[in-house]
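What follows is a set of notes on a single structure, which appears directly below.
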Ligand code: ADQ
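Residue numbers (the numbering used here): 1 to 497.
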């Protein structure tokens, strides 16, 4: 039986935020009326490293949310084309797809290595995920990071019109607003960080931390996934920059007011839920069922990244097979993990580590007619992933650190309400702040993972349904539309004040 899905009333659900703005920031009622998003007069410019240009289906919540926002305002999406050329793209080239305009640049090989692999993914990604030990600090990479941010700002100034509103995404572009301000642009500019904001000491370990924070506080609104991220950023601003809170959400720093917005990203629940019963999803289910026979499926779906806690998860499953021998032959764990950022050393090492661990666990516990752990180092179509989620009795989402984690929400969206699976979720995923009815575990503890899997597999149907319903209601009420409108409501209101 299909569950009933209602169109989210996101604007109504964000009314609370309007009142929060009204009271906390002494905006007048007319400010509100005048500053609500008016697609007819303000165009949205989105900036992110990759765009959805050239993709047939806009898989992934973010691409869909940004696309919809751009389409309704005849907007512009700026980003990297994904191509590497010999010459820098001082001017971006323009394109159009399905009613959305794009301005795309190419990177040179050096820019790709220094800006993308070097600074973004070998300094900011590890440090923001609490892995200062993996960071590789190099002045040259920072210099290129600055140059690319400046180039994006220059092209934004060239392409922007008087009423535009700018929304920048993620850690690749911490400095864009600072350059925009230096170039004289006062257009409303918001930033959303998809990954965690680290504790102040970890952030201070980056030699250029003061430059980075000057960039961040040049935005009017900084959106963060979790309350812990907002608290970390506030703490850093107070300790290092002498910032003073104007209200619960606004900090006064270097003569500017910055709105720190707690804004957890959601998914398109309705669409994901429908995908799980599509033809392609059923086909994927049938294929894995052939392998599973009647065994219970424990599933993991992640990009192959050290922040996702994959070796620790494999160890957790080894502990499960150790501690619960009666489950041998009755349960199989399948981990789907497409390699990413393979040019970065740590990602190559992770691949080798997982190869070795999977081999060891199968060697130790497997039998002639049973493979305990299957690890597939490849990506699958969105429909196929949805089909796998729907079949799984347990989904293991155990990152060591994660801004949010969309897999946790996708799993819940795809379950059969009459026979839902159980979500085992890391306490350190941003999603854990919202999804308290999952089985929450410490991802570093093989015992906690093992016991949670055992508990999930033996959980009575009534308890599974109760937990699932509460999780489902949560992801429905704070879905991708709610997230986008929450951010845009604040950006429009704050920037006009
Ligand atoms: P990611 O680190 O990429 O995102 P996540 O939120 O889990 O992590 O999203 C991964 C996406 O890739 C999901 O939509 C998932 O379905 C898909 N995916 C993963 N493995 C796949 C496979 N094998 N085949 C096909 N699809 C696969 C960053 C942050 C997160 C934050 C998001 C959004 O690190 O914390 O939730 O941005 O803000």
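No residue lacks a Cβ here, since even glycine has one placed at the ideal position from N, Cα and C.
Beta-carbon proximity check, residue i vs residue j, cutoff 9 Å
i	j	result
residue 378	residue 336	yes
residue 393	residue 457	yes
residue 333	residue 300	yes
residue 438	residue 453	no
residue 404	residue 264	yes
residue 288	residue 130	no
residue 215	residue 174	yes
residue 197	residue 128	yes
residue 229	residue 193	yes
residue 50	residue 79	yes
residue 450	residue 322	yes
residue 92	residue 134	no
residue 261	residue 472	no
residue 142	residue 208	yes
residue 81	residue 44	no
Beta-bridge pairing of residue i - partner residues as DSSP gives them
i	result
residue 78	47, 103
residue 189	166
residue 401	Note: residue 401 sits in no beta bridge, so no partner.
residue 225	Looking at the DSSP assignment, residue 225 forms no beta bridge with any residue, so it has no partner.
residue 95	102
residue 373	333
residue 395	299, 423
residue 70	BP columns for residue 70 are empty, so no partner.
residue 547	The question about residue 547 has no answer, for the chain in this structure spans 1 to 497.
residue 429	402
residue 84	107
Assumed close pair residue i, residue j - CB separation to whole angstroms, cut-off 8 Å
i	j	result
residue 241	residue 254	7 Å
residue 268	residue 402	The Cβ separation is near 19 Å, so there is no contact.
residue 351	residue 304	6 Å
residue 138	residue 189	Rounded, the Cβ-Cβ distance is 28 Å, inconsistent with contact.
residue 70	residue 100	5 Å
residue 414	residue 276	4 Å
residue 117	residue 344	6 Å
residue 205	residue 132	5 Å
residue 441	residue 427	7 Å
Distance between residue j and residue i (C-alpha atoms, nearest Å)
i	j	result
residue 470	residue 424	15 Å
residue 416	residue 331	20 Å
residue 347	residue 119	15 Å
residue 85	residue 107	6 Å
residue 432	residue 474	12 Å
residue 31	residue 162	With a pLDDT of 39 at residue 31, under the threshold of 50, the modelled position of this residue cannot be trusted, and the question is left open.
residue 46	residue 251	24 Å
residue 172	residue 145	8 Å
residue 97	residue 166	20 Å
residue 298	residue 435	19 Å
residue 371	residue 326	15 Å
residue 492	residue 218	16 Å
residue 202	residue 177	23 Å
residue 411	residue 397	10 Å
residue 280	residue 429	29 Å
residue 355	residue 366	16 Å
residue 186	residue 180	8 Å
residue 278	residue 375	25 Å
residue 443	residue 400	6 Å
residue 362	residue 373	6 Å
residue 109	residue 164	32 Å
residue 466	residue 455	15 Å
residue 484	residue 48	15 Å
Residue-level contact to chain D via CB, residue i, 9 Å cutoff
i	result
residue 328	Included in the structure is just one protein chain, with no chain D present.
TODO: Could you pull out every unbroken beta strand (DSSP E) segment of at least 3 residues lying fully inside the segment 232-256, listed in chain order?
DONE: DSSP runs (the beta strand (DSSP E)) wholly in the segment 232-256: 250-253.
Open item on the list: Going residue by residue through the segment 274-314, where are the continuous beta strand (DSSP E) segments of at least 3 residues, counting only ones entirely within it?
Closed with: For the segment 274-314, whole beta strand (DSSP E) runs of length 3 or above, ordered along the chain, are 296-301.
Open item on the list: Ignoring anything shorter than 3 residues, give me the beta strand (DSSP E) runs that lie fully in the segment 135-183, in order along the chain.
Closed with: With a minimum length of 3 residues, the continuous beta strand (DSSP E) runs that stay inside the segment 135-183 are 165-169.
Task: Any beta strand (DSSP E) of 3 or more consecutive residues that is wholly inside the segment 339-388 - done: The segment 339-388 contains these whole beta strand (DSSP E) runs: 373-376.
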